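According to mature numbering (1 follows the signal peptide of the UniProt record, and there is no 0), the sequence shown holds residues -27 to -1, 1 to 57 in order.
From the three backbone atoms N, C-alpha and C, an ideal C-beta is built for every residue, glycine too.
All values derive from a computational prediction rather than experimental measurement.
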Amino acid sequence: MRGLKRAAVLGAGLIACSGVAAGAAQALPDPYAYMVGDTYTEPTRAACEKDGNTWWGVDEFSCLGLNADGTWTLRIDSLGSRPG
């Protein structure tokens, strides 16, 4: 029984870690996948501005007001050159 509990805890930990990794992978969209008008949820205004200024090909963006859950929304307003 003890071994089964350990296996369950280990399995839950692995699932949780894979979810965190998937979330991190989604943090930066593929430069060829986003389009004008796309929106992304950001944890803070500073993160919104940082991402808008560093994502390849984004010429203009907006950080839209504080959402009910405390997050911000990054909206892509204009795209320019992209890598490749």
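Please report the straight-line C-alpha distance between residue i and residue j, rounded to a whole angstrom.
| i | j | result |
| --- | --- | --- |
| Phe34 | Pro16 | 16 Å |
| Ala19 | Leu47 | 11 Å |
| Gly38 | Tyr7 | 21 Å |
| Trp29 | Gly53 | 9 Å |
| Cys21 | Asp11 | 13 Å |
| Thr44 | Tyr13 | 10 Å |
| Pro2 | Lys23 | 14 Å |
| Asp50 | Thr27 | 14 Å |
| Ala41 | Val9 | 24 Å |
With which residues is residue i paired in a DSSP beta bridge?
| i | result |
| --- | --- |
| Ser35 | Arg48 |
| Tyr13 | Leu47 |
By a C-beta neighbour count over all protein chains shown, 10 Å radius and 16 as the cutoff for buried, is residue i buried or exposed?
| i | result |
| --- | --- |
| Tyr5 | exposed |
| Gly25 | buried |
| Val31 | buried |
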